[in-house]
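**Student:** Sharing a structure here in structure tokens format.
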Amino acid sequence: EDKVVQSPLSLVVHEGDTVTLNCSYEVTNFRSLLWYKQEKKAPTFLFMLTSSGIEKKSGRLSSILDKKELFSILNITATQTGDSAVYLCAVEAANSGGSNYKLTFGKGTLLTVNP
Amino acid sequence: GAVVSQHPSRVICKSGTSVKIECRSLDFQATTMFWYRQFPKQSLMLMATSNEGSKATYEQGVEKDKFLINHASLTLSTLTVTSAHPEDSSFYICSARDLQGRSTEAFFGQGTRLTVV
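Protein chains in written order, with my numbering: chain A, 9 to 123; chain B, 14 to 130.
So this is what it looks like as structure tokens:
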């Protein structure tokens with residue numbers, strides 16, 4: 009069974025702090041790892057990672073994947089109160105026949121940024 | 014970016030009735046749509062994978078007779094919760110992938126908050 013584990017489950021920081029969120033996985037037929045930000049409703053896409061060691065960056069957010077050690081990190085620098093959300097990591101894996109695929113989500117990290 | 018529209022966003026129904034939730038891809042064709050369920054403070058749990066023109070593939074523990082999924086076209090999938098009970102109250106989210114099935118992001122609908130009373 010595919011497994012995605014995120015840590016920490018929750019985190020409280022002050023504005024301006026830098027945070028690192030972790031995601032480790034065990035899946036068969038790995039295709040990609042995705043990070044999402046979920047506020048009140050549906051998740052919004054942040055990054056998709058397929059190759060090891062290549063950092064993806066968007067503003068104050070960045071992420072990198074290590075396919076050998078089977079984990080990814082999401083960094084947020086100079087945090088703002090608007091960064092408060094649940095950050096979800098999901099791993100896409102193909103089925104044994106390779107004809108279909110699905111996303112398995114971690115439980116998420118609840119980030120609270122206080123002013 | 015691609016848009017997935019989910020309707021309704023919120024529904025309250027009586028126990029024993031059925032509720033239909035629609036998921037539409039607005040600007041792309043989705044051969045595959047996914048239905049998730051999310052309980053408070055928990056992650057998204059995949060319920061089923063819906064392929065256009067064929068039967069949905071359900072995850073272990075999900076009752077296919079209770080959660081009916083239809084994916085009749087490349088832009089529409091529906092989830093019907095039949096004979097709803099209070100324990101079915103949850104947040105249901107759909108997501109869709111584009112026609113080519115490239116390894117791209119999955120686009121999510123806005124979600125449906127179902128409350129069964």
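Don't be surprised by glycine CBs; every beta carbon is placed ideally from N, CA and C.
Check whether the Cβ of Ser-103/B lies closer than 8 Å to any Cβ atom in chain A.
**Tutor:** Here the question's residue 103/B lines up with position 90 in the second sequence. No, because no Cβ of chain A sits closer than 8 Å to the Cβ of Ser-103/B.
**Student:** Which one of Asp-91/A, Asp-74/A and Lys-76/A has the shortest CA to CA distance from Gly-67/A?
**Tutor:** If you number the first sequence from 1, residue 67/A lands on position 59. Checked all of Asp-91/A, Asp-74/A and Lys-76/A; the closest Cα to Gly-67/A is Asp-91/A.
**Student:** Give a yes or no on contact between the stretch 76-95 of chain A and the stretch 18-35 of chain A, applying the rule of three or more CB pairs nearer than 8 Å.
**Tutor:** yes
**Student:** Between the alpha carbons of Lys-76/A and His-98/B, how many angstroms are there, rounded?
**Tutor:** Numbered from its first residue, the first sequence carries residue 76/A at position 68. Numbered from its first residue, the second sequence carries residue 98/B at position 85. For Lys-76/A and His-98/B, the distance between alpha carbons rounds to 45 Å.
**Student:** Using DSSP with H/G/I as helix, E/B as strand and the rest coil, what is Thr-88/B?
**Tutor:** For the purposes of this step, residue 88/B is identified with residue 75 of the second sequence, where counting begins at 1. Three-state result, Thr-88/B: coil.
**Student:** Would you tell me roughly how many angstroms separate the C-alpha atoms of Phe-53/A and Cys-107/B, rounded to the nearest one?
**Tutor:** Position 45 of the first sequence holds residue 53/A. Position 94 of the second sequence holds residue 107/B. Here the alpha carbons of Cys-107/B and Phe-53/A stand approximately 14 Å from one another.
**Student:** Helix, strand or coil: how does DSSP classify Thr-89/A here?
**Tutor:** Taking the first residue of the first sequence as position 1, residue 89/A is located at position 81. Thr-89/A falls in the helix class under three-state DSSP.
**Student:** Determine the closest residue to Arg-110/B out of His-20/B, Gln-19/B and Ala-43/B, with distance taken between C-alpha atoms.
**Tutor:** Within the second sequence, residue 110/B is the residue found at index 97, counting from 1. Across the set His-20/B, Gln-19/B and Ala-43/B, the C-alpha of Ala-43/B shows the shortest separation from the C-alpha of Arg-110/B.
**Student:** Tell me which residue opens and which closes the beta strand (DSSP E) that His-22/A is part of.
**Tutor:** Against the first sequence, residue 22/A aligns to sequence position 14. Counting along the chain, the beta strand (DSSP E) containing His-22/A begins and ends at 18-22.
**Student:** Give me the residue from Ala-98/A, Gly-116/A and Pro-123/A with the minimum Cα distance to Phe-38/A.
**Tutor:** Here residue 38/A corresponds to residue number 30 of the first sequence, with the count starting at 1. Phe-38/A has its Cα closest to that of Ala-98/A, out of Ala-98/A, Gly-116/A and Pro-123/A.
**Student:** Could you check where the beta strand (DSSP E) with Gln-51/B kicks off and where it finishes?
**Tutor:** Within the second sequence, the letter at position 38 stands for residue 51/B. Where Gln-51/B is concerned, the enclosing beta strand (DSSP E) stretches over 45-51.
**Student:** Skipping 5 residues on each side, what residues in its chain have a beta carbon closer than 6 Å to that of Leu-73/A?
**Tutor:** Here residue 73/A is taken as the residue at index 65 of the first sequence, counted from 1. Cβ within range, chain order: Leu-41, Leu-57, Ser-60 and Ser-80.
**Student:** I'd like to know if Pro-51/A contacts chain C, where contact means its C-beta is closer than 8 Å to some C-beta of that chain.
**Tutor:** The structure shown has no chain C; the protein chains it does contain are A and B.
**Student:** Across which residues does DSSP place Arg-126/B in a beta bridge pair?
**Tutor:** Your numbering for residue 126/B matches position 113 in the second sequence. Arg-126/B pairs with Arg-23/B and Phe-104/B.
**Student:** Using a beta-carbon distance below 8 Å, is Gly-61/A in contact with chain B?
**Tutor:** Within the first sequence, residue 61/A is the residue found at index 53, counting from 1. No, no contact with chain B.
**Student:** Can you tell which of Leu-57/B, Lys-68/B, Ala-119/B and Ser-31/B has its C-alpha closest to the C-alpha of Thr-128/B?
**Tutor:** Taking the second sequence and counting its residues from 1, the one referred to as residue 128/B is at position 115. Residue Ser-31/B is the option with its Cα nearest to Thr-128/B.
**Student:** From Gly-116/A, Glu-100/A and Gly-114/A, pick the residue whose C-alpha is nearest to that of Glu-118/B; which is it?
**Tutor:** Taking the second sequence and counting its residues from 1, one reaches residue 118/B at position 105. Glu-118/B has its Cα closest to that of Glu-100/A, out of Gly-116/A, Glu-100/A and Gly-114/A.
**Student:** Just checking: is the beta-carbon of Lys-64/A within a distance shorter than 8 Å of some beta-carbon in chain B?
**Tutor:** In the first sequence, residue 64/A corresponds to position 56, counting from 1. Chain B, which has no Cβ nearer than 8 Å to the Cβ of Lys-64/A, makes this no.
**Student:** Please identify the residue among Ala-61/B, Val-17/B, Gly-29/B and Ser-103/B whose C-alpha is closest to the C-alpha of Phe-41/B.
**Tutor:** Within the second sequence, the letter at position 28 stands for residue 41/B. Of the residues Ala-61/B, Val-17/B, Gly-29/B and Ser-103/B, the one whose Cα lies closest to the Cα of Phe-41/B is Val-17/B.
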